[in-house]
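Okay, structure first, notes after.
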Amino acid sequence: MKKIICALAFITTGLISASAQKATVQKLWATDTILKVPESVLVDDKENCIWVSNIDGASTAKDGKGSISKLSKSGTPIHLEWLTGLNAPKGMAKYKQELYVADLTELVVIDIKKATIIKKIPIEGSVFLNDVTVNNKGAVFVSDSRTGKVHRYENNIVSLEIENLQGPNGLLSIEDQLLILDRGSLLSLSPSGAISKIMDGMDPSTDGIERVAPNQYLVSCWNGIVYYVVAGAQKITLFDTRTEKINSADIGYDAKNKIIYVPTFLKNSVVAYQMQIQ
544 MKKIICALAF ITTGLISASA QKATVQKLWA TDTILKVPES VLVDDKENCI WVSNIDGAST
604 AKDGKGSISK LSKSGTPIHL EWLTGLNAPK GMAKYKQELY VADLTELVVI DIKKATIIKK
664 IPIEGSVFLN DVTVNNKGAV FVSDSRTGKV HRYENNIVSL EIENLQGPNG LLSIEDQLLI
724 LDRGSLLSLS PSGAISKIMD GMDPSTDGIE RVAPNQYLVS CWNGIVYYVV AGAQKITLFD
784 TRTEKINSAD IGYDAKNKII YVPTFLKNSV VAYQMQIQ
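If you're matching positions, the sequence shown starts at 544 in our numbering and goes up one per residue.
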């Protein structure tokens, strides 16, 4: 694989406006091709690092080749094979000192301090678990893009949260709402089960979601687009790398420093962008 630093050089700035605000993004750095099909990035302020899930093989294979890498927030490797033996790991979420990983048909729980797997929770009937989020009470939600379902894991019990979606991927728990990216749309699920649409018309490969501010979000699409979304108002393309065939999978976001971390999937690197809002 070639390095992608030069390949992405043209994407230095993007301009959006929302509610009389302006935001720009500028590329900070890109790692070398040291990762192994990176699918998801999770920012961990307490550990002062970013976690990266590596599929390292087919995205549907139970081959034990998957891993989690630990990098500094500036992209320096801390431990490239921090945890190994996973099966096409994708989305991640953290609650207290536990890391939850969507691992094809299982929800894997990892002890961060010990870097060991605590348990693997089978999700019955699942095919392609894709993203994970945890609410403030410790309930875990995991999406299955192939079955159109989102599952809940709470008090050691797996239950069905919602079904009959088109292809749910990115999840984000905010207060009592569960946000779901569903094949080009951003949905909100209330505790009563009511669904409302926050935004639609995005590239159908919608992948990762992060909150920038109340009612303002970053949405990545696997095909290579990252949007800035203002709930119910507008979506603006921050950058688009489709012509370069550079993916933008499940992004991470450092809210304090306003840095977007983009896993490039088949390009085997993570790229960081500085966002500025005025």
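The beta-carbon is built from N, C-alpha and C at its ideal position, and this holds for glycine as well.
Which residues in the same chain have their Cβ closer than 6 Å to the Cβ of V685, if we skip the five residues on either side of it in sequence? The residue you call residue 685 lines up with position 142 of the sequence shown. Same-chain partners within the cutoff: A645, L650, L672, V675, H694.
With distance defined between alpha-carbon atoms, name the residue in V580, G618, D587 nearest to K608. Within the sequence shown, the letter at position 65 stands for residue 608. For K608, the nearest C-alpha among the options comes from V580.
Among L571, P757, Y796, K657, which one has its Cα closest to the Cα of D587? Taking the sequence shown and counting its residues from 1, the one referred to as residue 587 is at position 44. D587 has its Cα closest to that of Y796, out of L571, P757, Y796, K657.
Straight-line CA distance for G691 to G710? Taking the sequence shown and counting its residues from 1, one reaches residue 691 at position 148. Taking the sequence shown and counting its residues from 1, one reaches residue 710 at position 167. Annotation: G691 to G710 spans about 5 Å, alpha carbon to alpha carbon.
With a Cβ-Cβ cutoff of 8 Å, do Y760 and I768 count as a contact? Counting from 1 along the sequence shown, the entry for residue 760 is found at position 217. Counting from 1 along the sequence shown, the entry for residue 768 is found at position 225. Against a cut-off of 8 Å, the Cβ pair of I768 and Y760 comes out as no contact.
Would you decide whether A573 is buried or exposed? Buried here means 16 or more other CB atoms lie within 10 Å of its CB. The count along the sequence shown starts at 1 and reaches residue 573 at position 30. Buried, by the Cβ-count rule.
Could you round the C-beta distance between A792 and P806 to whole angstroms and report it? I think they count as a contact, below 8 Å. On the sequence shown, position 249 is the one that residue 792 refers to. On the sequence shown, position 263 is the one that residue 806 refers to. Contact flag correct, Cβ pair sits at about 5 Å.
Exposure label - A601; buried when at least 16 CB within 10 Å: As a position in the sequence shown, residue 601 is number 58, starting the count at 1. The residue is exposed, with fewer than 16 neighbouring Cβ atoms inside 10 Å.
Hey, I803 and I794: beta-carbon distance below 8 Å or not? If you number the sequence shown from 1, residue 803 lands on position 260. If you number the sequence shown from 1, residue 794 lands on position 251. The beta carbons of I803 and I794 sit closer together than 8 Å.
Please list the terminal residues of the continuous beta strand (DSSP E) segment that includes L623. Along the sequence shown, read from residue 1 onward, the residue named residue 623 stands at position 80. L623 -> beta strand (DSSP E) spans 620–629.
On the three-state DSSP scale, how would you describe L708? For this step, residue 708 is matched to residue 165 along the sequence shown. L708: coil per DSSP, three-state reduction.
Simplified DSSP state of L672, which is helix, strand or coil: Translated into positions along the sequence shown, residue 672 becomes position 129. Reduced to three states, the DSSP call for L672 is strand.
DSSP-derived helix/strand/coil call for K616: Position 73 of the sequence shown, counting from 1, holds the residue named residue 616. If DSSP states are grouped into helix, strand and coil, K616 belongs with coil.
Enumerate in chain order the residues of its own chain whose CB-to-CB distance from V813 is below 8 Å, with the five nearest sequence positions on each side excluded. By one-based count along the sequence shown, residue 813 stands at place 270. Counting only Cβ-Cβ distances below 8 Å, and skipping sequence neighbours, we find A573, T574, L578, P581, V584, I593, V595, L614, G618, Y804, V805, P806, T807.
Please state whether the Cβ-Cβ distance between S731 and M742 is less than 8 Å. Taking the sequence shown and counting its residues from 1, one reaches residue 731 at position 188. Taking the sequence shown and counting its residues from 1, one reaches residue 742 at position 199. With respect to M742, S731 sits apart: the two C-beta atoms are not nearer than 8 Å.
Cα-Cα, which of K565, D750, G775 is closest to S763? On the sequence shown, residue 763 is found 220 positions in, with the first residue counted as 1. It is D750 whose Cα lies nearest to the Cα of S763.
Going by DSSP, what residue range makes up the beta strand (DSSP E) through A815? As a first step, residue 815 must be located in the sequence shown, where it is residue number 272. Per DSSP, A815 belongs to the beta strand (DSSP E) from 813–820.
To the nearest angstrom, how far is it from the Cα of P827 to the Cα of Q777? The first residue shown for the chain is 544 and the last is 821, placing residue 827 beyond what the model contains.
How is the beta strand (DSSP E) around I802 delimited, first residue to last? Working through the sequence shown from its first residue, we reach residue 802 at position 259. That run of the beta strand (DSSP E) goes 802–806.
Under a three-way DSSP split, which group does K810 fall into? Numbered from its first residue, the sequence shown carries residue 810 at position 267. If DSSP states are grouped into helix, strand and coil, K810 belongs with the helices.
Would you call A552 buried or exposed, if buried means 16 or more other Cβ atoms sit within 10 Å of its Cβ? Counting from one through the sequence shown, the residue named residue 552 turns up at place 9. Any reading at A552 needs caution, since the residue's pLDDT is 32, under 50, leaving its predicted position unreliable; the model's value is listed next. So A552 counts as exposed.
Does the separation of the CB atoms of V670 and D687 fall below 8 Å? Taking the first residue of the sequence shown as position 1, residue 670 is located at position 127. Taking the first residue of the sequence shown as position 1, residue 687 is located at position 144. For V670 and D687, yes; Cβs fall inside 8 Å.
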